[in-house]
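Q: Chains as they are written, first to last, in this note's numbering: chain V, 26 to 300; chain R, 26 to 300.
Number of protein chains: 2
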Amino acid sequence: MTEPLLRIDDPADPRIAGFLSIKERDLTGRQGRFIAEGTVVLRMLAAAHREGRGIAAEAILLLESRVAGVAELLAQFPPDVPVYVAASRVFDAIAGFNMHRGVLALGRRDAAPGRDALIAGLPQSSLVLAACGISNHDNMGSLFRNAAAFGVDAVLMDSTSCDPMYRKAIRVSVGSVLTLPFAREGTAAELIERLQTAGFVVWGLSPRGTADINAIPPAPRTALLVGTEGEGLPETILSQIRTARIRQRPGLDSLNVAMAAGIALHQVASINGRI
Amino acid sequence: MTEPLLRIDDPADPRIAGFLSIKERDLTGRQGRFIAEGTVVLRMLAAAHREGRGIAAEAILLLESRVAGVAELLAQFPPDVPVYVAASRVFDAIAGFNMHRGVLALGRRDAAPGRDALIAGLPQSSLVLAACGISNHDNMGSLFRNAAAFGVDAVLMDSTSCDPMYRKAIRVSVGSVLTLPFAREGTAAELIERLQTAGFVVWGLSPRGTADINAIPPAPRTALLVGTEGEGLPETILSQIRTARIRQRPGLDSLNVAMAAGIALHQVASINGRI
């Protein structure tokens, strides 16, 4: 059972300070705190909290008109997670913009295993999504959503990629950011070296790749590497690894990075019997 | 060669009335007019204009700081298309929001062939993307981008789908909306009937589909049908056609509709030798 609902009438109430102006603060550091938004993401947050994977829910903030509809969802959180409720005017003043969804949670991601520890802990049969230079939170969220759908064991990013724990990336990932192990550190070159040392066959996805994506052979440990939205993977990286391309009609912009990763992950997961 | 640049100093100048408040007007009818935004889309607009496929450029509006960088692009438009230039403050006052891209065109789509005429004119070997109930402009744009990448001959939508000629859909499609034949009319049931009568094998994409997407056989005429973002295709539709699913890990939200269509189109285009 959940605790009684706690009514908030003043946007400056210190109990909901963590939700203040989340739109602006979305692009600043928050000491491991993050904002989960919408019922789909809150469901994933509740699951991650229960499973104790370093993700914890700290507070929930609801628009009063949403309370009745989310009773079953609230019951999935431990009773010591406070549930605050606000009327529309107060809710919008807290969040800093018109939050139509009206369902927010403040969460915390505790220090997670770093890249090398994560690689060391992967099962013998593994599929990794590696990404470098991803700067768009929509694409980041979409990469995680696809990674979860196709059974990826970990998402590993270089340090120039954006933080998947931002509100919009979490939302677009439909909460997969909260459940998929990930690390974001170091350079793409280091990441490739660590993966190869751990026995991964690393495939770089590029319109200039040599193999057709449909011709990638099965392997116990495969890592798929995708690059920045605009330029893709640089030649210095592509020359060190096997490369694959997704055939498409000529003369058009290459596919969106998340779309390309989705097609490739579906293919690699299929041939390795992971889906 | 292009005409001299025409300087605009007053946002109320009648010559640029077509660009006024494009953000608000984006969701209202405009008698076949549309806004193209960014250099990638303008390049597609210039190509469509030259090829005389019922798409015409009427005017271009540039932020003055962008002029030098787009000289080569301007040269691709006929000289009778006026090019207006405005300083940042005036430009934003015209467009109604902060247009960082600073590269806009007003275009016109003339009466295009309807659904039945479009189907009647398709080549013997054809791939069609059919969509019903698509309400999100991002998804619509992404569907067109994928359709173009994988050699789709026409995109056919039911009348409940949103208009692909909206600014955001055109932008997300990287201009494919301007070059791919499409029609948006009638019901999904009518569309299926017309396609089947024309010899198309219609495959509905659904998490509850019976065939694996990788097992769809080649066919001279294939249509892939996708449904609304939330509910997918209704059972009344699915029961009339062959259905395919994209395997994924259980217990997660189904894939985004554009992502699912991208994976399926890549597969169908591959087995039919279209890419």
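We put the CB at the ideal spot given by N, CA and C, even for glycine.
Pull up the distance between the alpha-carbon of L230 (chain R) and that of A137 (chain R), whole angstroms please.
A: So the two alpha carbons sit approximately 28 Å from each other.
Q: Quick check on the DSSP output: the beta strand (DSSP E) that includes E210 (chain V) runs from which residue to which?
A: From DSSP, E210 (chain V) is part of no beta strand (DSSP E); its letter is neither H nor E.
Q: Could you tell me the alpha carbon to alpha carbon distance between S167 (chain V) and N161 (chain R), rounded to whole angstroms?
A: So the two alpha carbons sit approximately 16 Å from each other.
Q: Please tell me whether L131 (chain R) and F44 (chain R) are closer than 9 Å, where the distance is taken between their beta carbons.
A: Yes. Within cutoff.
Q: Kindly indicate the opening and closing residues of the beta strand (DSSP E) around F169 (chain R).
A: First-last for F169 (chain R): H162 to A174, but that is the alpha helix (DSSP H), not the beta strand (DSSP E).
Q: Scan the region 261-278 of chain R for residues whose Cβ lies nearer than 8 Å to a Cβ of chain V and list them as they occur along the chain.
A: Those would be I271, R272, Q273, R274, L277 and D278, in chain order.
Q: Where DSSP assigns a beta bridge to G132 (chain R), which residues make up the other side?
A: Answer by DSSP bridge pairing, in chain order: R:F59 and R:A82.
Q: Are the CB atoms of R133 (chain R) and R58 (chain R) nearer to each other than 9 Å?
A: It is a contact, given that the beta carbons lie within the stated cut-off.
Q: Verify whether the separation of the beta carbon atoms of Q292 (chain R) and N239 (chain R) is less than 9 Å.
A: Yes, the pair counts as a contact, with Cβ atoms nearer than the cut-off.
Q: Just curious, the alpha helix (DSSP H) that M284 (chain V) is in, first and last residue?
A: Looking at the DSSP string, the run of the alpha helix (DSSP H) that includes M284 (chain V) is V282 to I296.
Q: Using only alpha-carbon positions, find the residue among V:G77, V:Q56, V:V115 and V:P29 that is nearest to D38 (chain V).
A: Residue V:V115 is the option with its Cα nearest to D38 (chain V).
Q: Can you tell me the Cα-Cα spacing of A81 (chain V) and M190 (chain V), whole angstroms?
A: Answer to the nearest angstrom: the Cα atoms are 13 Å apart.
Q: Check whether the Cβ of F175 (chain R) lies closer than 9 Å to any Cβ atom in chain V.
A: Yes, contact with chain V.
Q: Which residues of chain V have a Cβ atom closer than 8 Å to the Cβ of N239 (chain R), listed in chain order?
A: The answer, in chain order, is S295.
Q: Name the DSSP bridge partner or partners of L258 (chain V)?
A: Answer by DSSP bridge pairing: none, since L258 (chain V) is not bridged.
Q: Provide the residue(s) that pair with Y109 (chain V) in DSSP beta bridges, ordered along the chain.
A: Partner(s): V:L31 and V:L86.
Q: Chain R partners of N171 (chain V), CB-CB under 7 Å?
A: Under the 7 Å cutoff, chain R gives M284.
Q: Does L290 (chain R) pass the burial test, meaning 16 or more other C-beta atoms within 10 Å, or should it be called exposed?
A: Buried, by the Cβ-count rule.
Q: T64 (chain V) lies in the alpha helix (DSSP H); which residues open and close that run?
A: First-last of the alpha helix (DSSP H) with T64 (chain V): T64 to E76.
Q: Indicate the three-state DSSP secondary structure (helix, strand or coil) for L52 (chain R) in the structure shown.
A: Confidence at L52 (chain R) is low in this model, with a pLDDT of 48, below 50, so the placement of that residue should be treated as unreliable; the coordinate-derived value is given next. Reduced to three states, the DSSP call for L52 (chain R) is coil.
Q: Which residues in chain V have a C-beta closer than 8 Å to the C-beta of T195 (chain R)? List them in chain order.
A: Per the sequence shown, residue 195 (chain R) should be read as Ile rather than Thr. Under the 8 Å cutoff, chain V gives no residues; its nearest Cβ is about 13 Å from I195 (chain R).
Q: For a contact meaning CB atoms closer than 8 Å, what does G287 (chain R) contact in chain V?
A: Here the neighbours are L280, M284, G287 and I288.
Q: Closest to V277 (chain V) by C-alpha separation, out of R:R68, R:S279 and R:A248, would be which residue?
A: The sequence shown places Leu at residue 277 (chain V), rather than the Val named in the question. Closest option to L277 (chain V), Cα to Cα, is R:R68.
Q: Confirm, please, whether the CB-CB distance from A71 (chain R) to N164 (chain R) is below 9 Å.
A: Cβ distance not < 9 Å, so N164 (chain R) and A71 (chain R) don't count as in contact.
Q: Determine which residues of the region 51-81 of chain R have a Cβ less than 7 Å from any Cβ of chain V, and write them out in chain order.
A: Within the region 51-81 of chain R, the residues whose Cβ lies closer than 7 Å to some Cβ of chain V are V65, listed in chain order.
Q: Okay, do the region 244-259 of chain V and the region 217-229 of chain V touch, 3+ Cβ pairs below 8 Å being the bar?
A: Because the criterion of three Cβ pairs below 8 Å is met, the region 244-259 of chain V and the region 217-229 of chain V touch.
Q: Under 7 Å Cβ to Cβ from S113 (chain V), same chain only, skipping five residues before and after it: list those, please.
A: So the qualifying residues of the chain are L88.
Q: Do you know how far the Cα of E215 (chain R) is from the Cα of P206 (chain R)?
A: Cα to Cα, P206 (chain R) sits roughly 19 Å from E215 (chain R).
Q: Starting from L99 (chain R) and walking both ways along the alpha helix (DSSP H), at which residues does that stretch end?
A: Residues A96 to L99.
Q: Quick one: residues in its chain with C-beta nearer than 6 Å to the C-beta of I296 (chain V), no 5 flanking neighbours on either side, listed in chain order?
A: Around I296 (chain V): P243.
Q: Using a Cβ-Cβ cutoff of less than 7 Å, which residues in the same chain neighbour L52 (chain V) once the five nearest sequence positions on both sides are dropped?
A: Because L52 (chain V) sits at a pLDDT of 48, beneath the cut-off of 50, its placement in the model cannot be relied upon, and the following sentence gives the value as read from the coordinates. So no residue of the chain qualifies.
Q: In angstroms with no decimal places, state the Cα-to-Cα distance between I41 (chain V) and P104 (chain V).
A: I41 (chain V) and P104 (chain V): Cα-Cα distance of roughly 17 Å.
Q: Just verifying my parser: in three-state terms, what is the DSSP assignment at L249 (chain R)?
A: In the structure shown, L249 (chain R) sits in a strand (DSSP, three-state: E or B).
Q: Near P148 (chain V), what residues of its chain come up, given a Cβ to Cβ distance below 8 Å and the 5 sequence neighbours on each side ignored?
A: Hits under 8 Å: D178.
Q: Taking 9 Å as the threshold (C-beta atoms), are L280 (chain R) and A174 (chain V) in contact?
A: Taking 9 Å as the Cβ cut-off, A174 (chain V) and L280 (chain R) qualify as a contacting pair.
Q: For a contact defined as C-beta to C-beta under 8 Å, what are the partners of V199 (chain R) on chain V?
A: In chain order: L277 and D278.
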